[in-house]
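Inspection log for the structure reproduced underneath, given as structure tokens.
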Amino acid sequence: MAKPDLVELEIEGMTCTACARRVEKSLNKLDGVTAYVDFATEKAHLQLSNPVALDVLSGAVVSAGYQVGSGKSETSKLKPRLIVGAVSASLAVLFAMVPGFQFENSQYLVWALATAVVGYVAWPFHAAAIKNLRHFDATMDTLVSLGSTVAYVYSVFLILAGDHHTYFETAAVVPSVVLLGRYIEVKARKSATDSVRALLSAIPDRATVEIDGNRQEISTAELKKKMIVLVAAGQAIPADGKLLSAAATIDASTLTGESLPQELSTGDQVTAGTTNLQGEIRLEVTAPATSSRLARIADMVREATAEKTKLASLTDSISKVFVPLVILIAVLTYIIWSLLGDQETAFQAAISVIVIACPCALGIAVPMSLVVATGVGTKRAVVIRNPDALRSLARTKMVFFDKTGTLTDGNLAIVRSVGLGGVSAEQMLEKAAAVSAGSSHPVSRAIAAVTSQLAVTNVSETAGQGISGMVEGISVSVEKPGTYENQLELDQALAAAGPNTLVVVAWEGWAHGLIELSDQLRPHAKQAVADLQTAGFSPVLVSGDNPGRVAEIAGQLGIKQYFGSITPEGKLEMLGQHTDPVAMVGDGINDVAALAKAEVGIAMGSGAYAAQAASAITILDDDPRAIPFALRLGKKTYRNIIENLVWAFGYNIVLIPVAALGLLNPMLAGVAMAFSSVSVVANSLRLKLGSN
88 MAKPDLVELE IEGMTCTACA RRVEKSLNKL DGVTAYVDFA TEKAHLQLSN
138 PVALDVLSGA VVSAGYQVGS GKSETSKLKP RLIVGAVSAS LAVLFAMVPG
188 FQFENSQYLV WALATAVVGY VAWPFHAAAI KNLRHFDATM DTLVSLGSTV
238 AYVYSVFLIL AGDHHTYFET AAVVPSVVLL GRYIEVKARK SATDSVRALL
288 SAIPDRATVE IDGNRQEIST AELKKKMIVL VAAGQAIPAD GKLLSAAATI
338 DASTLTGESL PQELSTGDQV TAGTTNLQGE IRLEVTAPAT SSRLARIADM
388 VREATAEKTK LASLTDSISK VFVPLVILIA VLTYIIWSLL GDQETAFQAA
438 ISVIVIACPC ALGIAVPMSL VVATGVGTKR AVVIRNPDAL RSLARTKMVF
488 FDKTGTLTDG NLAIVRSVGL GGVSAEQMLE KAAAVSAGSS HPVSRAIAAV
538 TSQLAVTNVS ETAGQGISGM VEGISVSVEK PGTYENQLEL DQALAAAGPN
588 TLVVVAWEGW AHGLIELSDQ LRPHAKQAVA DLQTAGFSPV LVSGDNPGRV
638 AEIAGQLGIK QYFGSITPEG KLEMLGQHTD PVAMVGDGIN DVAALAKAEV
688 GIAMGSGAYA AQAASAITIL DDDPRAIPFA LRLGKKTYRN IIENLVWAFG
738 YNIVLIPVAA LGLLNPMLAG VAMAFSSVSV VANSLRLKLG SN
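When you read off a place in the sequence shown, starting at 1, and then add 87, the result is the number in my numbering.
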């Protein structure tokens, strides 16, 4: 049986998961097509059991009310509307509500500004509302479209009738502010897609293969099992494979997070996306790039991202009931007052119901809190990238930490050095630094940081063993511990060492020094952990580093739960074992899947871009003390959003019946609506108080 063709389409115009389901349903109606539409990445993944023309697939998407992507990002499409909306709405409010800026016939200028917003800025909401109507559905888009249109049309009617008490500023503000929230949401979704792209960028585009004894460069996508691949020093490995060379030194920090390179020998497995550090190596492909371990981690990121729900769905789910209810109340109000014989009151009461329901307060409830929180966070180098995580923060109690690059600085440094065989530590280090100066190995770089004026010749480096060179006529080696003339003295020094990286400096058969290396705790890491514990969070340390080193770091930080030698897949499994929301703090590619899976992902600013893109929160200056601050800010922000939504809906629940009874004319309804919006803004600004 032939393997089905795989096709990927970019879908434009989706505003919620319901949109994705509509596109999916339309595509699945086609013969031979199995479709899955991912709202988070805005892509349709298709399996075709028989050939289907692209225009047929596009037609199915269009019939659902959406478009196949043109390649232009949604953020770039929204940005011009956002700019026009911000300028027009600000000026409309200024000229309509601030006495010092009003002049004769200024209402006509406000009319023009509102026209630009309702006609251009609000068009995505109108288009979505029309699509929703076709499917007998209602979302926040319907509410924004209805509210702004009614406010605009009624204001035109008033101004033509000579009444200058219009609602043009409302018609301008509502779509503009809600569009800001939409822009924030789209940026967050784009980050999720970018994290997958950045993750896969660790795999090179080209690979050197050996065919019949000849070297040939091909595309990585052409690699197949059993092919022989050659990887030069400093190059990334293009596919998962089995090492054929005698030895290799591999930087696997992208996957393990461990700062120390892996020393491999013939038959060991190597992974796509890791880096060969020393000499050319040969490997046999066991899995091409598309099915490599890194590609599987990227799939995990996609799945984790797709599982997340939008914060905006909270308002959408309420809007499904609220919008039809408002329309029904307005129609019934008009009918009942008309039957009572009061046509003027019937019209005014019906309009008042819709004006009261105009979603100004509702529309700004989420984006206003996010804008204020972003400003507060920026002052402490904390960026809230994805509002989805805020919902989970209210119940988050456990925080998982990666070690390397998060709580430690990720760079090896000498923590202890001992001179042996009658040689001082200073003399030994100077010789070791001279030999190590030309190497790119992380251990050698750390030792070479010691100042040395000694000349070195005949430097030789052996993968997995060490480096040697002639210093002052003597062959000096910096190597793994072995057997030496003064073995007892060395054994005593080794027994006193900690669970760190150890190298011996030897010459003429004697061990003349032991160097102990480790990465160091970041400044203030201990305080950050203590602050989290005081705030009621339980920190857990998970790392790909060796268990002994992880235990030592956990002890220094006062963390009671810790796990070492944990793979990226292992971190994902650990997160999945917890039913309550958890936070994950990391910095590397090895953390990306866990950061995407966690309800609250937090990335360090100096870490991999893929990690930042997969996270909800980014710590720009790498200060661990910002982590407890970010969690507190996130909780306060979500609580603030809920307060805003409760106020916005509560205002509607109370005043809609009042308007229906004819007790509020449209002008008073507009004043009440403005008061509601001001209250939401004022409540959002409370986030600035006491944020530290």
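Virtual Cβ for every residue (Gly too), placed ideally from N, Cα, C.
Note that this is a predicted model, so its numbers are computed, not measured.
Can you give me the C-alpha to C-alpha distance between residue i and residue j, rounded to a whole angstrom?
i, j, result
"Ala-294", "Gly-596", "42 Å"
"Ile-534", "Gln-540", "14 Å"
"Glu-660", "Leu-196", "60 Å"
"Gly-100", "Gly-146", "15 Å"
"Glu-111", "Thr-121", "9 Å"
"Ala-151", "Gly-300", "55 Å"
"Asp-489", "Leu-604", "20 Å"
"Lys-407", "Ser-235", "18 Å"
"Arg-168", "Leu-141", "31 Å"
"Leu-774", "Gly-585", "46 Å"
"Thr-483", "Phe-716", "14 Å"
"Pro-211", "Tyr-239", "17 Å"
"Val-522", "Ser-555", "6 Å"
"Leu-330", "Gly-492", "29 Å"
"Met-691", "Val-672", "8 Å"
"Leu-144", "Leu-114", "7 Å"
"Pro-529", "Leu-347", "7 Å"
"Ser-763", "Phe-223", "30 Å"
"Ile-298", "Glu-304", "10 Å"
"Thr-336", "Lys-613", "33 Å"
"Val-767", "Ala-701", "30 Å"
"Lys-397", "Ile-653", "For Lys-397, the predicted model reports a pLDDT of 48, less than 50, meaning its position is unreliable and no value from the coordinates is stated."
"Ala-107", "Lys-130", "9 Å"
"Val-94", "Asp-327", "25 Å"
"Ser-340", "Ser-306", "25 Å"
"Thr-544", "Ile-324", "31 Å"
Taking the beta strand (DSSP E) that residue i falls in, what are its first and last residues?
i, result
"Met-691", "687 to 691"
"His-213", "Where His-213 is concerned, there is no enclosing beta strand (DSSP E), although the alpha helix (DSSP H) it sits in stretches over 210 to 221."
"Ser-625", "625 to 629"
"Leu-784", "One cannot answer for residue 784 here, as it falls past the ends of the chain, which runs 88 to 779."
"Val-372", "368 to 374"
"Ala-335", "334 to 338"
"Glu-350", "349 to 352"
"Leu-130", "First, the amino acid is wrong: residue 130 is Lys here, not Leu. Start and end: 130 to 135."
"Arg-773", "Element bounds for Arg-773: n/a, residue is neither H nor E."
"Gly-328", "327 to 330"
"Thr-588", "588 to 594"
"Arg-302", "301 to 306"
"Val-297", "With the sequence shown as reference, residue 297 is identified as Glu, and Val is not the correct amino acid for it. Where Glu-297 is concerned, the enclosing beta strand (DSSP E) stretches over 293 to 298."
"Leu-317", "315 to 318"
"Ile-471", "469 to 471"
Give the C-beta separation of residue i and residue j to the nearest angstrom, bearing in mind that I take them to be a contact with Cβ-Cβ under 8 Å.
i, j, result
"Ala-615", "Ile-714", "5 Å"
"Thr-373", "Tyr-270", "In fact, because the Cβ distance is near 44 Å, the residues do not count as touching under 8 Å."
"Val-316", "Glu-367", "Actually they do not touch by this definition, with Cβ atoms about 11 Å apart."
"Asn-731", "Asn-770", "6 Å"
"Ala-670", "Phe-487", "7 Å"
"Leu-494", "Pro-711", "6 Å"
Hey, could you find the ends of the alpha helix (DSSP H) residue i is sitting in?
i, result
"Ala-199", "193 to 203"
"Glu-517", "512 to 523"
"Thr-621", "612 to 621"
"Leu-644", "634 to 644"
"Ala-433", "430 to 444"
"Gly-156", "Taken as a continuous stretch (DSSP letters only), Gly-156 belongs to no alpha helix (DSSP H), as it is neither H nor E."
"Ala-147", "141 to 150"
With DSSP collapsed to three states, give me the class of residue i.
i, result
"Asp-496", "strand"
"Tyr-254", "coil"
"Asp-606", "strand"
"Tyr-421", "helix"
"Asn-363", "strand"
"Met-485", "strand"
"Ala-717", "helix"
"Lys-397", "Low local confidence applies: a pLDDT of 48 at Lys-397 is under 50, so the model's placement there is unreliable, with the coordinate-based value given in what follows. Three-state DSSP puts Lys-397 in coil, outside helix and strand."
"Thr-377", "helix"
"Tyr-571", "coil"
"Val-243", "helix"
"Ile-501", "strand"
"Ala-598", "strand"
Notebook entry, point to check: What runs of the alpha helix (DSSP H), each 4 residues or longer, lie entirely inside the segment 649 to 713?
Noted result: 655 to 663, 679 to 684, 696 to 700
Checklist line | Secondary structure, beta strand (DSSP E): runs of 3+ residues fully inside the segment 531 to 567 | finding: Taking only runs of at least 3 residues, the beta strand (DSSP E) segments lying wholly in the segment 531 to 567 are 544 to 549, 553 to 558, 561 to 566.
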